[in-house]
Amino acid sequence: MSTVTKFRDGTLAPFDWTNMSWFPLLSPTIRVEDYLDGDRYVIRAELPGIDPARDVHITRTGDNLRLDVVRRESKADRGRSEFHYGSFSRLLPLPAGLRPETIAARYADGILQITATVGATEPTAQEIPVTVEHGGKR
393 MSTVTKFRDG
403 TLAPFDWTNM
413 SWFPLLSPTI
423 RVEDYLDGDR
433 YVIRAELPGI
443 DPARDVHITR
453 TGDNLRLDVV
463 RRESKADRGR
473 SEFHYGSFSR
483 LLPLPAGLRP
493 ETIAARYADG
503 ILQITATVGA
513 TEPTAQEIPV
523 TVEHGGKR
C-alpha cells in the first residue's frame, strides 16, 4: 500500500518511507510463513539468536497480530557481522473465524511458532430486502 509522505523540506514522496520492508537490506524485517493446517492457523517466524522470554512480545489487536522482537548485540570482539540487531516488528492479518482464546506461541531452534484454531465464520455479507411503497401504501 502506498501513501504520500511529507518530508521536513515540504517535498512529497509517492510511498511510505517509514515502512521500508520492501528494501530488505536497508530495513530488515521478521521473516514469516503462515498457512492453514486443517482448522489450525500457523505462523512461523524465523528468529535465531534471541531470548524469547525477554525479547519477544506478541499482541492481538482486533483482526491483527503484532509481533515485536528485540535482537540484542553481544559485546564479543569480532571482525565482521552481517547480523541485524535492534527492534523489529511485524503486523500480521489474522484469518476470519480465528478463535482468540486458542492463540498459543512456542519457541524452539530459532523458530517462533504461533498457532490458533479457526472456526466457522459468520457471514459478512447480508442482503437487505427493499420494501416498495405505492402511493403511500406498503
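What the sequence shown shows, in the numbering used here, is residues 393 to 530, in sequence order. Just so it is clear, CB atoms sit at the ideal spot from N, CA and C, and this is done for glycine as well.
Nonlocal neighbours in the same chain, by C-beta distance under 6 Å from residue i, ignoring five residues either side
{"i": "Val510", "result": "Asp431, Tyr433, Pro487, Gly489, Leu490"}
{"i": "Asp426", "result": "Ile435"}
{"i": "Ser458", "result": "Here the sequence assigns Arg to residue 458, which means Ser is not the residue at that position. Cβ within range, chain order: Thr451, Leu483."}
{"i": "Asp429", "result": "none"}
According to DSSP, residues forming a beta bridge with residue i
{"i": "Ile450", "result": "Leu459"}
{"i": "Pro335", "result": "Only positions 393 to 530 of the chain appear in the structure, and residue 335 is not among them; the question remains open."}
{"i": "Thr513", "result": "Looking at the DSSP assignment, Thr513 forms no beta bridge with any residue, so it has no partner."}
{"i": "Val424", "result": "Ala437"}
{"i": "Gln505", "result": "Arg436, Arg498"}
{"i": "Gly478", "result": "Arg463"}
{"i": "Asp429", "result": "Arg432"}
CA nearest to the CA of residue i, picked from the options
{"i": "Val424", "options": "Ala517, Pro492, Thr494, Phe480", "result": "Phe480"}
{"i": "His449", "options": "Asp426, Asp429, Leu483", "result": "Leu483"}
{"i": "Asp455", "options": "Pro492, Tyr427, Ala500", "result": "Pro492"}
{"i": "Tyr499", "options": "Ala437, Gly527, Leu428, Gly471", "result": "Ala437"}
{"i": "Pro343", "options": "Thr523, Val522, Thr453", "result": "The requested residue 343 is not part of the displayed model; the chain covers only 393 to 530."}
{"i": "Asp460", "options": "Ala517, Pro521, Ile422", "result": "Ile422"}
{"i": "Ala508", "options": "Gly527, Thr494, Pro521", "result": "Thr494"}
Other residues of its chain near residue i: CB distance less than 8 Å, five sequence neighbours each side excluded
{"i": "Gly478", "result": "Val462, Arg463"}
{"i": "Glu525", "result": "none"}
{"i": "Leu417", "result": "Residue confidence is low: Leu417 scores 48 on pLDDT, short of 50, so the model does not pin down where it sits. No coordinate-derived value is stated."}
{"i": "Thr513", "result": "Ala488, Gly489"}
Residues of its chain near residue i, where Cβ-Cβ distance is below 7 Å and the 5 sequence neighbours each way are ignored
{"i": "Glu519", "result": "none"}
{"i": "Pro440", "result": "Gly502"}
Using 8 Å as the cut-off, can you tell me whether the stretch 499-510 makes contact with the stretch 436-446, which would need three or more C-beta pairs spanning the two stretches below that distance? The stretch 499-510 vs the stretch 436-446: in contact.
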